[in-house]
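The block underneath contains the structure these notes are about, expressed in structure tokens.
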Amino acid sequence: MISVSHLTKFYGPRKAIDDLSFEVQKGEIVGFLGPNGAGKSTTMKILTGFMPATDGKAVVAGHDVFEDPISVKRNVGYLPETPPVYTEMKVKDYLEFTGKLHQVPTTSLSKSVKNAIERTSLGDVQNRLIGNLSKGYRQRVGLAQALLHNPKVLILDEPTVGLDPKQIIEIRELIKSLGGDHTVILSSHILPEVTAICQRIIVLARGKIAAEDSLEGLTMRMKKGLIYSMEVKKPSSEGVDAIRKIPGISGVSSNGSKLLVEMTAGSRDVRDQVVEMAVNRGMGVLEFSPEKVSLEEIFLQLTTEENHSAAAHAGGM
Amino acid sequence: MFRNIWTIAQRDFRSYFTSPIAYVVIGAFMSIVGFMFFFNLDHYVRQMAFSAMGNKGVSVTDGIVRPFYGNMNVILLFIAPMITMRLFSEEKKMHTIELLMTSPLTLTEIIVGKFCSAMLLVGVMLLVTSIYPIVLFSAFTPDYGPIVCSYVGTFLLAGCYMAVGLFLSSMTENQVVAAASTFGVGLMFWIISWAASAAGPFWSGLLTNLSLIGRFNNFGQGLLNSADIFFYLSYIFVGLFLTHRVMDSYRWR
Numbered sequence: 035m036i037s038v039s040h041l042t043k044f045y046g047p048r049k050a051i052d053d054l055s056f057e058v059q060k061g062e063i064v065g066f067l068g069p070n071g072a073g074k075s076t077t078m079k080i081l082t083g084f085m086p087a088t089d090g091k092a093v094v095a096g097h098d099v100f101e102d103p104i105s106v107k108r109n110v111g112y113l114p115e116t117p118p119v120y121t122e123m124k125v126k127d128y129l130e131f132t133g134k135l136h137q138v139p140t141t142s143l144s145k146s147v148k149n150a151i152e153r154t155s156l157g158d159v160q161n162r163l164i165g166n167l168s169k170g171y172r173q174r175v176g177l178a179q180a181l182l183h184n185p186k187v188l189i190l191d192e193p194t195v196g197l198d199p200k201q202i203i204e205i206r207e208l209i210k211s212l213g214g215d216h217t218v219i220l221s222s223h224i225l226p227e228v229t230a231i232c233q234r235i236i237v238l239a240r241g242k243i244a245a246e247d248s249l250e251g252l253t254m255r256m257k258k259g260l261i262y263s264m265e266v267k268k269p270s271s272e273g274v275d276a277i278r279k280i281p282g283i284s285g286v287s288s289n290g291s292k293l294l295v296e297m298t299a300g301s302r303d304v305r306d307q308v309v310e311m312a313v314n315r316g317m318g319v320l321e322f323s324p325e326k327v328s329l330e331e332i333f334l335q336l337t338t339e340e341n342h343s344a345a346a347h348a349g350g351m
Numbered sequence: 147m148f149r150n151i152w153t154i155a156q157r158d159f160r161s162y163f164t165s166p167i168a169y170v171v172i173g174a175f176m177s178i179v180g181f182m183f184f185f186n187l188d189h190y191v192r193q194m195a196f197s198a199m200g201n202k203g204v205s206v207t208d209g210i211v212r213p214f215y216g217n218m219n220v221i222l223l224f225i226a227p228m229i230t231m232r233l234f235s236e237e238k239k240m241h242t243i244e245l246l247m248t249s250p251l252t253l254t255e256i257i258v259g260k261f262c263s264a265m266l267l268v269g270v271m272l273l274v275t276s277i278y279p280i281v282l283f284s285a286f287t288p289d290y291g292p293i294v295c296s297y298v299g300t301f302l303l304a305g306c307y308m309a310v311g312l313f314l315s316s317m318t319e320n321q322v323v324a325a326a327s328t329f330g331v332g333l334m335f336w337i338i339s340w341a342a343s344a345a346g347p348f349w350s351g352l353l354t355n356l357s358l359i360g361r362f363n364n365f366g367q368g369l370l371n372s373a374d375i376f377f378y379l380s381y382i383f384v385g386l387f388l389t390h391r392v393m394d395s396y397r398w399r
């Protein structure tokens, strides 16, 4: 559905994206993940036909973005970083206008508008001026606008920014439900969001693809072993050394009363021995819990090349 | 094509009325034009009384119609920046330009649509001023030719202001900058013929021909000259073309 090859974009002398190539299949939900300035928005703007690339080729819904932008635009619903709403218009009028922009036939326009309002739960505010709505509602109006003409491809630039937690959950569910019928690309720097919605993640850093995989794949790739966090009452270096000597433990680091215990992947379960040892050495175990390698860490490791030790959560491991 | 242009024109035209702009612009325009018409008429009636005492009279066309529409053009010069300043500036500032430029519309359709919305507002304003010719016809027997031609000329001249304004609005996201520069450029093209007397023969001819107001005199006399109409239309075309170039390059940045 989307095919990008060797896409490059310069802003003056600055390279915003650098030789980007990837594919997105029909019905897939793909997340762009990356720090600010990684090239997420730029890539999206090129895919929507808003902005031409300096070099490379992008095909969306079977049409070349540079040669036939109008056909691409017809098949794409786009929610930019800032919801493109007219503050002096009422929600319903605005959606009717965007429907007309996308050449929704007059006969089905009011039905499409109603449908979009329902899906984004804007029913309560449909006759209010957009200027009087909160950021969260404006964001939803922007999303309704992108969905309205039932496009094959949805490109959503940070779709849940400014929403409250309840709304975030609703919008996530909505986006998830769009997968299958629609192909969705969304960008985010909120990592749990990408985890919650996307089937595949493309990590961008400095305009290049740092990693491209499913969440499980990414986690597997980064996970060297299982890490457990243990909070103790009286940390002692002697106790730490004793734990380190248990077979199957590949490293222990202490940070005040918090110990991080790393176990060798695939070895037998030695959690009970660790706790027992800590108790025997009189450290007083308060808490013992698995320390999941979070997407944040994966993300930092992938995007921070020069300073790995700062990215990994403890240098001693 | 026309449907797309109409979609844009309709929205922009409506938004003039959902914001105070249309009311302020039409209100200001009508009060000043009304004021001018009243004193034009008053002056003319005095002259008539004077000529009844044996002096040479002045026709309604020369005494009222021509000065009235000439003045109306000056007022339009002041009003035009307020009509055009937001057309692209606001879209850029509010990021709604991204909506327009990612919908399946060509840039030409967007620009022509916006131009049409401004011209529709001008049309409404001129329509309201038709009350004054009606007043004239009820009291005198003026030539209808100069009046009709004055409307055609005024509409075209206003089109030139709108094209300039649209172009300058596409250059900035600051509405005040757009308005001020539109006024400046519009006024410059009005008075450019002043420089003609100081310039050499070649430049003199060129500058006189570039002047916006110089072309209007024929319309006021009831002459529909194809050269004048073509001049105004090409002026509008250049304005819209430059807008197209600016908006096209905007995407590249």
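If you read the protein sequences in the order shown, they are chains A and B. According to the numbering used here, the first sequence is numbered sequentially starting from 35. According to the numbering used here, the second sequence is numbered sequentially starting from 147. Where a beta carbon is used, it is the ideal one built from N, C-alpha and C, also for glycine.
Query	Result
Element boundaries [alpha helix (DSSP H), containing glycine 173/B]	167–197
Any C-beta of chain B under 7 Å from that of threonine 76/A	no
Below-7 Å beta-carbon distance, histidine 241/B vs any chain A residue	yes
C-beta neighbour in chain B for arginine 174/A, strict 7 Å	no
Contact list for threonine 354/B against chain A, beta-carbon separation under 8 Å	Neighbours of threonine 354/B on chain A: none; closest Cβ ~43 Å, over 8 Å.
Sequence-distant residues of its chain with Cβ nearer than 8 Å to threonine 328/B (five each side left out)	Ala226, Pro227, Thr230, Met231, Tyr307, Val310, Gly311, Leu314 and Ser315
Proximal residues of chain B, C-beta to C-beta of isoleucine 104/A below 9 Å	Pro250, Leu251 and Thr252
Pick from Thr141/A, Asp53/A, Thr82/A and Leu212/A that is closest to lysine 60/A, judged by C-alpha positions	Leu212/A
Given valine 237/A as reference, the closest of Arg48/A, Ser37/A, Val228/A and Gly68/A once Cα atoms are compared	Gly68/A
Contacting residues, own chain, Cβ-Cβ under 8 Å from aspartate 53/A (five flanking each side not counted)	His40, Leu41, Thr42, Gly90 and Lys242
For serine 287/A and proline 269/A, believed in contact at Cβ under 8 Å, the rounded distance	In fact, because the Cβ distance is near 11 Å, the residues do not count as touching under 8 Å.
Contact residues within the segment 260–285 of chain B, judged by C-beta distance below 8 Å to chain A	none
Chain B contact for methionine 35/A (CB, 7 Å cutoff)	no
DSSP state of threonine 354/B mapped onto helix, strand, coil	helix
Neighbourhood of aspartate 289/B by C-beta, 7 Å cutoff - its chain only, sequence neighbours within 5 removed	Thr207 and Gly368
Beta bridge counterpart(s) of glutamate 152/A as assigned by DSSP	DSSP lists no partner for glutamate 152/A.
Contact the segment 207–225 of chain B vs the segment 74–83 of chain A: 3+ CB pairs below 8 Å	no
Reduced DSSP category for histidine 342/A - H, G, I as helix; E, B as strand; rest coil	Note that histidine 342/A scores 40 on pLDDT, short of 50, meaning its location in the model is unreliable; the coordinates nonetheless yield the value given after this. Histidine 342/A: helix per DSSP, three-state reduction.
Under 8 Å by beta carbon: chain B residues contacting glutamine 137/A	Arg149, Asn150 and Pro250
Straight-line gap, isoleucine 172/B to methionine 271/B (C-alpha atoms, nearest Å)	6 Å
is_contact[lysine 126/A, chain B] using C-beta, thresh 7 Å	no
Chain B contact for threonine 116/A (CB, 7 Å cutoff)	yes
Sequence-distant residues of the same chain with beta carbon closer than 6 Å to glutamine 321/B, five excluded per side	Met231, Arg232 and Ser235
Proximal chain B residues relative to valine 93/A, where beta-carbon distance stays under 8 Å	Result: empty, since nearest Cβ-Cβ is about 17 Å, beyond 8 Å.
Range covered by the alpha helix (DSSP H) that runs through asparagine 363/B	362–366
Cβ shell of methionine 311/A (< 6 Å), same chain only, five flanking positions each side left out	Ala276 and Ile277
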